[in-house]
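Chemist:
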Amino acid sequence: MTLLTTPGATAPRKRSRAGWAIACTAAGLLLGGPASRPASAEPALADPPSAKTDAPTALDRYVAEEDPDYGWRLVGRHEHPLGVEIVAELTSQAWRAADEVDRPVWKHSLVIVVPEGADPTTAMLFIGGGRNGADPPGGANDQVRAAALTTHSVVAELGMVPNQPLEIGADGQGRYEDDLLARSWNKYLETRDPTWVAQLPMAKSAVRAMDAVQEILKQEQPELAIERFTVAGASKRGWTTWLTAAVDPRVVAIAPIVIDVLNVDESMRHHHAAYGEWSPALRDYESQGLAKLFLGDQGEPILKLVDPYEYRQRYTMPKCLINATGDEFFLPDSSRFYFDQLPGEKHLCYVPNAGHSLKGSNALDTLIAFHHSVVHQVERPSITWRPGNGGQMTLVCSTEPTRVTLFQADNPAARDFRKPVIGDAFKPERLAVGADLQATADITTPAEGWRASFVQAEFDIGAATPWRVTTPVWVTPDVLPHAEGKLPPPPVGEG
Numbered sequence: 001m002t003l004l005t006t007p008g009a010t011a012p013r014k015r016s017r018a019g020w021a022i023a024c025t026a027a028g029l030l031l032g033g034p035a036s037r038p039a040s041a042e043p044a045l046a047d048p049p050s051a052k053t054d055a056p057t058a059l060d061r062y063v064a065e066e067d068p069d070y071g072w073r074l075v076g077r078h079e080h081p082l083g084v085e086i087v088a089e090l091t092s093q094a095w096r097a098a099d100e101v102d103r104p105v106w107k108h109s110l111v112i113v114v115p116e117g118a119d120p121t122t123a124m125l126f127i128g129g130g131r132n133g134a135d136p137p138g139g140a141n142d143q144v145r146a147a148a149l150t151t152h153s154v155v156a157e158l159g160m161v162p163n164q165p166l167e168i169g170a171d172g173q174g175r176y177e178d179d180l181l182a183r184s185w186n187k188y189l190e191t192r193d194p195t196w197v198a199q200l201p202m203a204k205s206a207v208r209a210m211d212a213v214q215e216i217l218k219q220e221q222p223e224l225a226i227e228r229f230t231v232a233g234a235s236k237r238g239w240t241t242w243l244t245a246a247v248d249p250r251v252v253a254i255a256p257i258v259i260d261v262l263n264v265d266e267s268m269r270h271h272h273a274a275y276g277e278w279s280p281a282l283r284d285y286e287s288q289g290l291a292k293l294f295l296g297d298q299g300e301p302i303l304k305l306v307d308p309y310e311y312r313q314r315y316t317m318p319k320c321l322i323n324a325t326g327d328e329f330f331l332p333d334s335s336r337f338y339f340d341q342l343p344g345e346k347h348l349c350y351v352p353n354a355g356h357s358l359k360g361s362n363a364l365d366t367l368i369a370f371h372h373s374v375v376h377q378v379e380r381p382s383i384t385w386r387p388g389n390g391g392q393m394t395l396v397c398s399t400e401p402t403r404v405t406l407f408q409a410d411n412p413a414a415r416d417f418r419k420p421v422i423g424d425a426f427k428p429e430r431l432a433v434g435a436d437l438q439a440t441a442d443i444t445t446p447a448e449g450w451r452a453s454f455v456q457a458e459f460d461i462g463a464a465t466p467w468r469v470t471t472p473v474w475v476t477p478d479v480l481p482h483a484e485g486k487l488p489p490p491p492v493g494e495g
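Residue numbers (the UniProt record's numbering): 1 to 495.
Written out as structure tokens, the structure is:
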């Protein structure tokens with residue numbers, strides 16, 4: 001789709017604080033509105049989840065702290081017959097001092113797609129990556145545009161999370177992605193200053209992006225009054241999705257993507273016990289001496305700060321967890337360490353024959369269907385599963401599916417289902433669904449090696465794309481080649 005570009009207006013810098021603030025007193029928590037918002041702004045949001053579930057954490061305090069560097073400016077406005085695209089530059093915060101990092105002020109691209117007839121109250125924020133110094137985007141990418149047009153809702157994409165490359169300290173080394181995160185974790189271990197952990201400013205970036213979307217649309221599209229967000233992101237941005245949902249009540253649904261690592265220390269021990277080594281994908285953590293911490297308890301201080309599992313009681317909103325069976329970072333049966341402990345509505349969606357990048361997969365379909373259901377308040381079909389005799393697994397659908405498929409892959413040599421190792425080894429087998437909405441799958445053990453199995457159910461919910469949910473991935477035999485002891489059982493129940 002070609003968009004007609006018109007010169008963008010430039011707005012004066014806006015300054016505000018988070019939609020809520022937290023202060024500790026001997027009597028408990030005091031929660032106040034945003035003192036620096038102009039009088040004409042919308043009322044303060046509801047109390048943050050932390051006020052309702054537990055004491056505030058370093059993450060809560062960091063995100064709530066007012067930052068005078070926050071602001072945004074419009075870069076462009078692109079009009080076309082199907083709607084409007086607004087391009088802005090967001091300044092989310094200043095993280096650390098100029099003598100600690102080379103770029104303390106975090107700047108981001110923020111592209112907002114407003115289709116004709118957009119829902120006036122619910123939007124999606126997609127948290128993306130990128131690098132500092134790039135030219136502002138000319139408009140939305142095809143995936144963001146498709147999500148907005150097919151769900152008839154505002155979709156905003158936030159870029160440069162984290163801001164990178166970033167030099168931490170005086171070593172002159174510009175760091176990206178996991179290398180940046182690992183270095184920030186080591187700075188925390190050296191100083192015990194929790195604000196060194198890079199996941200904190202990453203989450204704050206997303207919170208400030210929601211502030212900016214609301215403020216920009218109030219100025220540019222005053223017929224809209226966005227109050228609710230579906231938040232999504234992949235990999236480190238998936239981690240950011242979890243943490244954003246833990247601290248901001250505007251988040252009413254989340255779709256964390258390829259971040260199958262809640263309960264991080266247990267997941268990482270499982271990783272090492274399956275492979276007997278660290279996957280090359282974790283080399284940044286291993287080279288900086290962090291990976292080994294997860295085999296003991298030394299990593300606990302970091303994980304208390306940023307492991308989403310520590311905030312699990314806050315995740316009462318609908319959750320769609322999109323993961324790759326061939327992820328190079330995480331084992332496909334990692335959900336056994338957290339899924340049963342998540343409260344409220346939750347769905348798994350394992351994507352067959354996909355690596356961490358999800359390249360060439362249909363993962364976007366599930367995200368679009370999920371957000372469609374949130375915007376239009378459509379009940380999401382679910383599945384339950386229960387083991388039977390002789391390796392049989394019974395799947396029960398809440399409504400009639402359009403298709404139910406068993407996927408299985410074998411590795412005769414190792415308990416390893418990473419896509420670079422086994423390729424497109426997951427083979428589909430369509431299952432019959434009875435009048436009782438049940439299907440039965442044989443989850444058997446191979447004569448040699450290991451087998452990974454899961455069942456996918458597909459539903460038509462009136463969205464432009466199918467709603468796909470899956471069981472967990474079961475690995476048989478359920479033993480680890482490089483460790484002794486018994487594994488916890490795979491998740492049971494509903495997804």
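Note that beta-carbon positions come from the ideal geometry of N, C-alpha and C, so glycine has one too.
Who are the Cβ neighbours of A483 in its own chain at under 6 Å, not counting the five residues just before and after it?
Modeler: Same-chain partners within the cutoff: A273.
Chemist: Determine the contact status of N411 and W450, defining contact as a CB-CB distance below 8 Å.
Modeler: Yes, the pair counts as a contact, with Cβ atoms nearer than the cut-off.
Chemist: Consult DSSP for E429 and reduce its assignment to one of helix, strand or coil.
Modeler: Residue state, collapsed to three classes: strand.
Chemist: I443: which of E458, T476 and R336 sits nearest, CA to CA?
Modeler: It is T476.
Chemist: Please report the straight-line C-alpha distance between P490 and A291, rounded to a whole angstrom.
Modeler: Whole-angstrom Cα-Cα distance: 24 Å.
Chemist: Return the residue from the list I168, Q456, V105 and K419 that minimises the CA-CA distance to T325.
Modeler: Checked all of I168, Q456, V105 and K419; the closest Cα to T325 is K419.
Chemist: Determine the direct distance from the alpha carbon of D99 to that of G360, and round the result to whole angstroms.
Modeler: Their Cα atoms are separated by approximately 43 Å.
Chemist: Could you spell out the range, first to last residue, of the alpha helix (DSSP H) harbouring I368?
Modeler: Note, I368: alpha helix (DSSP H), A363 to V375.
Chemist: With a CB to CB cut of under 8 Å and the five nearest residues on each side skipped, what residues in its chain are close to G117?
Modeler: The answer, listed in chain order, is H152.
Chemist: Extract the residue ranges of the alpha helix (DSSP H) inside the segment 130–173, only unbroken runs of 4 or more that lie entirely within it.
Modeler: As far as the segment 130–173 is concerned, its whole alpha helix (DSSP H) runs of at least 4 residues are 142–151.
Chemist: So if DSSP puts D289 in a beta bridge, which residue, or which two residues, is it bridged to?
Modeler: Residue identity check: residue 289 is Gly in the sequence provided, not Asp. Answer is none; G289 lacks a bridge partner.
Chemist: With 16 as the cutoff for other CB atoms within 10 Å, does P222 come out buried or exposed?
Modeler: By the neighbour-count rule (16 or more Cβ atoms within 10 Å), P222 is not buried but exposed.
Chemist: Hey, out of V252, A198 and L295, whose CA is closest to E266's CA?
Modeler: Nearest of V252, A198 and L295 to E266, Cα basis: L295.
Chemist: Please classify L480 as buried or exposed, where buried requires at least 16 other C-beta atoms within 10 Å of its C-beta.
Modeler: Its Cβ being crowded by 16 or more others within 10 Å, L480 is buried.
Chemist: Please report the straight-line C-alpha distance between L305 and L437, rounded to a whole angstrom.
Modeler: Roughly 43 Å between the two C-alpha positions.
Chemist: By Cβ distance below 6 Å, which residues in the same chain neighbour D340 in space, the five residues on each side in sequence not counted?
Modeler: Contacts found: P491.
Chemist: Within 10 Å of its beta-carbon, does R175 have 16 or more other beta-carbons around it, so buried, or fewer, so exposed?
Modeler: Result: buried.
Chemist: Give a yes or no on whether the C-beta atoms belonging to L342 and R312 are separated by under 8 Å.
Modeler: Yes. Within cutoff.
Chemist: On a Cα-Cα basis, can you pick out the residue from N132, L224, L348 and S279 that is closest to V258?
Modeler: Nearest of N132, L224, L348 and S279 to V258, Cα basis: L348.
Chemist: Would K204 pass as a contact of S92 if the rule is Cβ separation under 8 Å?
Modeler: A contact, by the Cβ cut-off of 8 Å.
Chemist: Reducing DSSP to helix, strand and coil, say where Y309 ends up.
Modeler: Looking at Y309 - three-state DSSP - the assignment turns out to be helix.
Chemist: Among W185, Y275 and A354, whose alpha-carbon lies nearest the alpha-carbon of G289?
Modeler: Taking only the C-alpha atoms, the option nearest G289 is W185.
Chemist: Do T121 and A225 have their beta-carbon atoms positioned less than 8 Å apart in this structure?
Modeler: Yes, the Cβ-Cβ distance between A225 and T121 is below 8 Å.
Chemist: From this set, E494, R386, A464 and A414, which residue's C-alpha is nearest A441's C-alpha?
Modeler: The option with the nearest alpha carbon to A441 is R386.
Chemist: Report the rounded CA-to-CA distance for S50 versus V433, giving the unit in angstroms.
Modeler: The predicted position of S50 is uncertain, since its pLDDT is 41 and thus under 50; no value can be drawn from it.
Chemist: DSSP beta-bridge partners for D442?
Modeler: Paired residue(s): Q392.
Chemist: Less than 8 Å between the beta carbons of A457 and I383, yes or no?
Modeler: In this structure, I383 lies closer than 8 Å to A457 by Cβ.
Chemist: Do the CB positions of H108 and G159 come within less than 8 Å of each other?
Modeler: Contact: yes.
Chemist: Expressed to the nearest angstrom, what Euclidean distance is found between the alpha-carbon atoms of D248 and P194?
Modeler: Distance between the alpha carbons of D248 and P194: 19 Å.
Chemist: Going by DSSP, name the residue or residues bridged to P387.
Modeler: Note: P387 sits in a beta bridge opposite M393.
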